[in-house]
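Student: Handing you a structure now.
The structure is reproduced here in structure tokens:
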């Protein structure tokens, strides 16, 4: 194992857990520094800008991960490819700005909220920098520069927000408008950081279009187009619950939902942390026809992810209610929202990298059909359940849609590729996680902890002991396993180059 790979694997692991901790702290501080309506506004703007930014990226992220390996060894070719990708984003950003000028009055009238009407015009800045962040970050991931991407996107901005939110609590003159422009500034700063790192660390040169023949360009265009619409369906699905809550209920409900959603999203960070390293290598494996390696990647990390995710689920079940009570009365009614959403995210972890396998295979069109199906289910269930159940209805709709979508992916990969990541150890990990959840729930029933410091302390000690004991019992040492996986995956990727 080379020192560089060892450092990269360990750094990603540290950033993952540090980002989770900072995310929790920021969630608590946001509820103290901002109103539910202001948090809801940020949620709505992020939902709209995430959809727009994905359109601007035009399916390029998936295309970069799939095709970049063909040009990685040629400085001139990969320089040409990067320039083309950034040029496309620039043009589409200008087009999106013009289109948004036309639809902005319609959006403002639909939500009929003075605060949203005041700030929606500034959404340009979010999707402007958002599109470039997506493409630049993906190029660096394809170059196996995952540590800096993870640092910039999942850690650095959380550190900035932790400092700024703390200042808001100390200095009341720092109002929501100041927070909003600080929020926009972090988007811009991330774009600058990623661009400078790319220019400094990735070897670039005089661009050359050699090798970009018509069949390859057609293949890239076809793939990127399908993945654009597949990804767009996924992005809309991720945003539709908050958008429809704002439409059917109000911004306060979106604010409560957004804060509660932060906790289940910690589960998604586990899968994305592993996928950030492995996804570019899976694309290289398909290019080389190494299906045995794809199977090994598919199954190598599933039990670690379930072990870590099970610890969070246990804490949510046992201490979710007193934790939300601490955030304030407005958020105390979000316990079942947290449980439903966390269940959906845990099922997402439990399916591993089956979505990546479909997306980088010749069957990638299925990913589009599955995501469109997911979107239709999400829209229909949200339309039915939100007017009746409010934020709980949005959570049920989102969780059930994720469950159906992920089940479909696992079944398809098993049938078409004859791959599945599970073993008897997986059953053991699931049972072990359930036992922790029951133990913590019984403990809370008798102890009735309400002090947030005690809750965090007990949760940290319990989960740490659970992970260490589980690592020994199931022969899973998360840090070592991750490092070994990174070593083998990136090592094989380098040999192919």
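Numbering (the numbering used here), first residue to last: 797 to 1293.
Don't be surprised by glycine CBs; every beta carbon is placed ideally from N, CA and C.
Being a predicted model, the structure only gives us computed values, none of them experimental.
1. Could you work out which residue in 1047, 1163, 952 is closest to residue 834 when comparing CA atoms only?
2. Identify which residue in 1102, 1206, 881, 900 has its Cα closest to the Cα of residue 927.
3. Do residue 853 and residue 935 have their C-beta atoms closer together than 8 Å?
4. Measure how close the beta-carbons of residue 1148 and residue 1259 come, nearest whole angstrom, since I'm counting them as under 8 Å.
5. Near residue 950, which residues of its chain fall below 6 Å by C-beta distance, leaving aside the five closest residues on each side in sequence?
6. Expressed to the nearest angstrom, what Euclidean distance is found between the alpha-carbon atoms of residue 1175 and residue 1036?
7. Measuring alpha carbon to alpha carbon, tell me which of 1122, 1187, 1226 ends up nearest residue 1143.
8. For residue 1065, which residues of its own chain have a beta-carbon under 8 Å away from its beta-carbon, when the five flanking residues on both sides are left out?
9. Between residue 828 and residue 965, is the Cβ-Cβ spacing less than 8 Å?
10. Spatial neighbours of residue 955 within its chain, please: CB distance less than 7 Å, with the 5 preceding and 5 following residues excluded, ordered by chain position.
11. Output needed for residue 847: all residues of its chain with C-beta closer than 8 Å, excluding positions within five of it in sequence on either side, in chain order.
12. Report yes if the C-beta distance between residue 886 and residue 1003 is below 8 Å; otherwise report no.
13. Nearest to residue 925 by CA position, among 1115, 893, 1090, is which residue?
14. Can you give me the C-alpha to C-alpha distance between residue 800 and residue 997, rounded to a whole angstrom?
15. Near residue 1195, which residues of its chain fall below 7 Å by C-beta distance, leaving aside the five closest residues on each side in sequence?
16. For the alpha helix (DSSP H) holding residue 1110, just list the boundary residues, first then last.
17. Use the C-beta contact count for residue 1089: other C-beta atoms within 10 angstroms, 16 or more gives buried, fewer gives exposed.
18. When you measure from the CB of residue 1272 to every non-hydrogen atom of the ligand NAD, does any distance come out below 7 Å?
19. Nearest to residue 1063 by alpha carbon, out of 1146, 1010, 1211?
20. By Cβ distance, which residues of its chain are closer than 7 Å to residue 1198, with the 5 residues on each side in sequence left out?
21. Put residue 1282 into one of helix, strand or coil per three-state DSSP.
22. Does residue 1188 pass the burial test, meaning 16 or more other C-beta atoms within 10 Å, or should it be called exposed?
23. Which residue's Cα is closest to the Cα of residue 1271: 1246, 1220, 1231, 1245?
24. Quick check: what's the CA-CA separation for residue 988 versus residue 994?
25. Between residue 1102 and residue 1255, which are expected to be in contact by the criterion C-beta below 8 Å, what is the C-beta distance as a whole number of angstroms?
26. Output yes or no for whether 8 Å exceeds the beta carbon distance between residue 1212 and residue 1151.
27. Leaving out five residues before and five after residue 877 in sequence, what residues of the same chain have Cβ atoms less than 6 Å from its Cβ?
28. Put residue 1245 into one of helix, strand or coil per three-state DSSP.
29. Where does residue 1188 sit, in a helix, a strand or coil, going by DSSP?
30. In angstroms with no decimal places, state the Cα-to-Cα distance between residue 1056 and residue 822.
31. Starting from the C-beta of residue 1167, find all residues in its chain whose C-beta is less than 6 Å away, skip the five residues before and the five after it, and write them out in chain order.
32. Applying the criterion that 16 or more other CB atoms from any shown protein chain within 10 Å of the CB defines a buried residue, is residue 1285 buried or exposed?
33. What's the call for residue 1247, buried or exposed, on a 16-neighbour Cβ count within 10 Å?
34. Can you find at least 3 beta carbon pairs, one from the stretch 1079-1093 and one from the stretch 1116-1136, that sit closer than 8 Å?
35. Between which two residues does the alpha helix (DSSP H) containing residue 1014 stretch?
36. Compute the beta-carbon to beta-carbon distance between residue 1039 and residue 1190, rounded to the nearest angstrom, for a pair I have assumed lies under 8 Å.
Tutor: In this structure, then:
1. Taking the first residue of the chain shown as 1, we reach residue 834 at position 38. Nearest of 1047, 1163, 952 to residue 834, Cα basis: 1047.
2. Indexing the chain shown from 1 puts residue 927 at position 131. It is 881 whose Cα lies nearest to the Cα of residue 927.
3. Residue 853 sits at position 57 when you count from the first residue of the chain shown. Residue 935 sits at position 139 when you count from the first residue of the chain shown. In this structure, residue 935 does not lie closer than 8 Å to residue 853 by Cβ.
4. Locating residue 1148 in the chain shown gives position 352, counting from the first residue. Locating residue 1259 in the chain shown gives position 463, counting from the first residue. With 8 Å as the limit, residue 1148 and residue 1259 do not qualify as a contact, their Cβ atoms being about 22 Å apart.
5. Taking the first residue of the chain shown as 1, we reach residue 950 at position 154. Exclusion of the five residues before and after residue 950 leaves 815 as the residues of its chain whose Cβ lies within less than 6 Å of its Cβ.
6. Within the chain shown, the letter at position 379 stands for residue 1175. Within the chain shown, the letter at position 240 stands for residue 1036. If I take the Cα positions, the gap works out to 7 Å.
7. As a working note, residue 1143 is residue 347 in the chain shown. Nearest of 1122, 1187, 1226 to residue 1143, Cα basis: 1226.
8. By 1-based counting over the chain shown, the position of residue 1065 is 269. So the list reads 812, 815, 816, 819, 950, once near-sequence residues are dropped.
9. Taking the first residue of the chain shown as 1, we reach residue 828 at position 32. Taking the first residue of the chain shown as 1, we reach residue 965 at position 169. Yes. Within cutoff.
10. Taking the first residue of the chain shown as 1, we reach residue 955 at position 159. So the qualifying residues of the chain are 818.
11. Here residue 847 refers to the residue found at position 51 of the chain shown. The residues are 1028, 1031, 1032, 1035.
12. As a working note, residue 886 is residue 90 in the chain shown. As a working note, residue 1003 is residue 207 in the chain shown. No. Outside cutoff.
13. Start at 1 with the first residue of the chain shown, and residue 925 comes out as number 129. When C-alpha distances from residue 925 are compared across 1115, 893, 1090, the shortest belongs to 893.
14. For the purposes of this step, residue 800 is identified with residue 4 of the chain shown, where counting begins at 1. For the purposes of this step, residue 997 is identified with residue 201 of the chain shown, where counting begins at 1. Residue placement at residue 800 is flagged as unreliable, the pLDDT there being 41, under the threshold of 50; a coordinate-derived value is accordingly withheld.
15. Within the chain shown, residue 1195 is the residue found at index 399, counting from 1. Answer for residue 1195: 1136, 1137, 1139, 1140, listed in chain order.
16. Residue mapping note: residue 1110 aligns to position 314 of the chain shown, counting from 1. Boundaries of the alpha helix (DSSP H) harbouring residue 1110: 1098-1123, taken from the DSSP string.
17. Taking the first residue of the chain shown as position 1, residue 1089 is located at position 293. Buried.
18. The ligand NAD is absent from the structure shown, which contains no ligands of any kind.
19. Translated into positions along the chain shown, residue 1063 becomes position 267. That would be 1146, whose Cα lies nearest to the Cα of residue 1063.
20. Taking the first residue of the chain shown as 1, we reach residue 1198 at position 402. Taken in chain order, the residues that qualify are 1140, 1143, 1144.
21. One-based indexing of the chain shown puts residue 1282 at position 486. Residue placement at residue 1282 cannot be trusted, given a pLDDT of 47 that sits under 50; what the coordinates show is reported in the next sentence. Helix at residue 1282.
22. Here residue 1188 refers to the residue found at position 392 of the chain shown. Residue 1188 comes out buried.
23. Here residue 1271 refers to the residue found at position 475 when the chain shown is read from its first residue. Looking at the Cα atoms, 1220 is the closest of the given residues.
24. Here the question's residue 988 lines up with position 192 in the chain shown. Here the question's residue 994 lines up with position 198 in the chain shown. Straight-line Cα distance between these residues: approximately 10 Å.
25. Reading the chain shown from its first residue, position 306 is the one you call residue 1102. Reading the chain shown from its first residue, position 459 is the one you call residue 1255. With a Cβ gap of about 18 Å, residue 1102 and residue 1255 do not count as contacting.
26. Position 416 of the chain shown, counted from the first residue, corresponds to residue 1212. Position 355 of the chain shown, counted from the first residue, corresponds to residue 1151. In this structure, residue 1151 does not lie closer than 8 Å to residue 1212 by Cβ.
27. Translated into the one-based positions of the chain shown, residue 877 becomes position 81. Once the five neighbours on either side are set aside, the close Cβ partners of residue 877 are 867.
28. For the purposes of this step, residue 1245 is taken as residue 449 along the chain shown, with counting starting at 1. Here residue 1245 sits in coil by DSSP.
29. As a position in the chain shown, residue 1188 is number 392, starting the count at 1. In this structure, residue 1188 counts as helix in the three-state DSSP scheme.
30. Along the chain shown, one-based indexing puts residue 1056 at 260. Along the chain shown, one-based indexing puts residue 822 at 26. The straight-line gap from Cα to Cα measures roughly 12 Å.
31. Residue 1167 sits at position 371 when you count from the first residue of the chain shown. Once the five neighbours on either side are set aside, the close Cβ partners of residue 1167 are 1026, 1029, 1030.
32. One-based indexing of the chain shown puts residue 1285 at position 489. For residue 1285, the pLDDT reaches just 48, beneath the cut-off of 50, and the residue's location in the model is therefore unreliable, although a value from the coordinates is still provided. By the 10 Å Cβ count, residue 1285 comes out buried.
33. The count along the chain shown starts at 1 and reaches residue 1247 at position 451. The residue is exposed, with fewer than 16 neighbouring Cβ atoms inside 10 Å.
34. no
35. By one-based count along the chain shown, residue 1014 stands at place 218. 1010-1044 is the extent of the alpha helix (DSSP H) around residue 1014.
36. Your numbering for residue 1039 matches position 243 in the chain shown. Your numbering for residue 1190 matches position 394 in the chain shown. Contact doesn't hold; Cβ gap of about 10 Å is too wide.
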